[in-house]
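Residue numbers (the numbering used here): 1 to 297. No residue lacks a Cβ here, since even glycine has one placed at the ideal position from N, Cα and C. All of these numbers come straight from a predicted model, not from anything done at the bench.
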Ligand SMILES: Cc1cc2nc3c(=O)[nH]c(=O)nc-3n(C[C@H](O)[C@H](O)[C@H](O)COP(=O)(O)OP(=O)(O)OC[C@H]3O[C@@H](n4cnc5c(N)ncnc54)[C@H](O)[C@@H]3O)c2cc1C
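Following this line, the structure appears as structure tokens:
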């Protein structure tokens, strides 16, 4: 029997450590549990939000008046057939990258250290160092939440782009993913993986609560460089701060409110637009109601 909890604090479930309560909240252990959760949402007319590791979301202070289905807690497993991996969507992406390197499977090592689940990484087409999830993904099994039907979708039908996919914002649930890697040298892949994790530690404020890069890369240049050129490193609204270490990160320096982060995002957008004529587009996903609108040029 699925245990659906009420009024669960979401701040503890996100890398930002920010967010009010979910009206309903569930951590399914199986596909049938996920189907049951979606049926509960449909029967009660509730909006549904699938949460992975919560490493790319800003949840409003008022929380979310629907059902949050968190797959990162119990819906995790990884199996292999030579260079092919079959992964449940709540599995940490970095576990997949780590096992792939150990086995001499190449193609995902550049995504080492990204703190999301495989489901979140597929939806966002997570990437780094010129690689992204779409490059090695073969297919995903998806629960169409509206029809409660499961289907397998090949990578060519997922409409992948920079930090986006056909699954983004669609409300469907990624259940599992199949990846095809190529054969590589395990020692080299492990060493590359170590280098990438060390680079992340050196360049990013990985020990402070954040959502990673707040803004997508603009067509020319880097968001962090534009933000830094406006003198905004260290700039604060409430307890939200533009990181001194990496200007495309906004960190929670203590008990920042979601509204602080949102106001800071808007402030940064406006400053960059006024100086460079570039409207930075947030990469972070917003959940719930916010008072502060985003900046419109
Ligand atoms: C320190 C730090 C560094 C980061 N570095 C990078 C980086 O280098 N590159 C990069 O791309 N990202 C980076 N990120 C952002 C983030 O880790 C990725 O976007 C990650 O893929 C999000 O996965 P998640 O499980 O945390 O998803 P969540 O944040 O929980 O959710 C993100 C979106 O995916 C949806 N979703 C999640 N799981 C499912 C599912 N199973 N089915 C359907 N929808 C789902 C959610 O509804 C939401 O819309 C970083 C974040 C942090 C905190």
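The residue among 234, 232, 278, 216 with its C-alpha nearest the C-alpha of residue 297 is 278. Minimum Cα-Cα distance from residue 109 among the listed residues 261, 268, 74, 186 corresponds to 186.
At a cut-off of 7 angstroms, the beta-carbon of residue 163 counts as near ligand 1: some heavy atom of the ligand is closer than that. Residue 105 sits in a strand when the DSSP states are folded into three classes.
Contact between the region 161–177 and the region 138–147 is present: 3 or more CB-CB pairs across the two stretches fall below 8 angstroms. Less than 8 angstroms divides the Cβ of residue 10 from the Cβ of residue 64. DSSP places residue 37 in the helix class (H, G or I) of the three-state scheme. Listed as beta-bridge partners of residue 144 by DSSP are 149.
Straight across, the Cα-Cα distance linking residue 227 with residue 126 is about 22 angstroms. Set against 7 angstroms, the gap from the CB of residue 18 to the closest heavy atom of ligand 1 is not smaller. Boundaries of the beta strand (DSSP E) around residue 79: 78–81. Here the region 15–27 makes no contact with the region 217–226; the two share fewer than three CB pairs at distances below 8 angstroms.
Around the CB of residue 94, 16 or more other CB atoms lie within 10 Å, so the residue is classed as buried. Here residue 81 is exposed, its C-beta having fewer than 16 other C-beta atoms within 10 Å. Relative to the non-hydrogen atoms of ligand 1, the Cβ of residue 250 never comes closer than 7 angstroms to any of them. Distance check between residue 57 and each of 293, 282, 268 places 282 closest, using alpha-carbon atoms only. Bounds of the beta strand (DSSP E) holding residue 50 are 48–51. Within the same chain, 239, 241 come within 6 angstroms of residue 253 by CB-CB distance, once the 5 residues on both sides are set aside. Distance from the CA of residue 101 to the CA of residue 182, rounded to the nearest whole angstrom, comes to 11 angstroms. Residue 71 holds the alpha-carbon nearest to the alpha-carbon of residue 91 among 280, 71, 103, 83. The C-alpha of residue 285 is placed about 16 angstroms away from the C-alpha of residue 260. For the region 144–219, the continuous alpha helix (DSSP H) assignments of 4+ residues that do not extend past its boundaries occur at 186–203, in sequence order. The C-alpha of residue 121 lies about 17 angstroms from the C-alpha of residue 106.
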